[in-house]
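Worksheet: one structure, shown below.
In the numbering used here, the protein residues as written are 186 to 275.
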């Protein structure tokens, strides 16, 4: 018998899929990210970053842009939700 691994979205163990509340959280995060990506200014920043030779210095510059910081925070919250920070895996 195979033990289900972690949820692909949030890393929760013990179920093949997320619970309904967990899934709603992921959907909400995805909708927030989608809404941010609809912003033409953010899209231009991302294209500029993708085409830049010195991505590192441009990234430092963009991290001064509130819109870019909001985008980065949204991405990070999807990858590693805040309540999971500094918690050792079981």
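We put the CB at the ideal spot given by N, CA and C, even for glycine. Owing to the predicted nature of the structure, the values given are computational and were not obtained by experimental measurement.
Just how far apart, CA to CA, sit residue i and residue j?
i           : j           : result
residue 227 : residue 233 : 10 angstroms
residue 218 : residue 260 : 7 angstroms
residue 241 : residue 213 : 30 angstroms
residue 215 : residue 263 : 8 angstroms
Within its chain, find whatever has a CB closer than 8 angstroms to the CB of residue i; leave out the 5 residues flanking it on each side and keep chain order.
i           : result
residue 244 : 234
residue 250 : 230
Which class does residue i belong to by DSSP, given the choice of helix, strand or coil?
i           : result
residue 215 : helix
residue 239 : coil
residue 250 : coil
Is the CB-CB distance between residue i and residue j below 7 angstroms?
i           : j           : result
residue 256 : residue 221 : yes
residue 230 : residue 247 : yes
Take residue i and list the residues in its own chain whose beta-carbon comes closer than 6 angstroms to its own, dropping the five residues that flank it on each side.
i           : result
residue 205 : none
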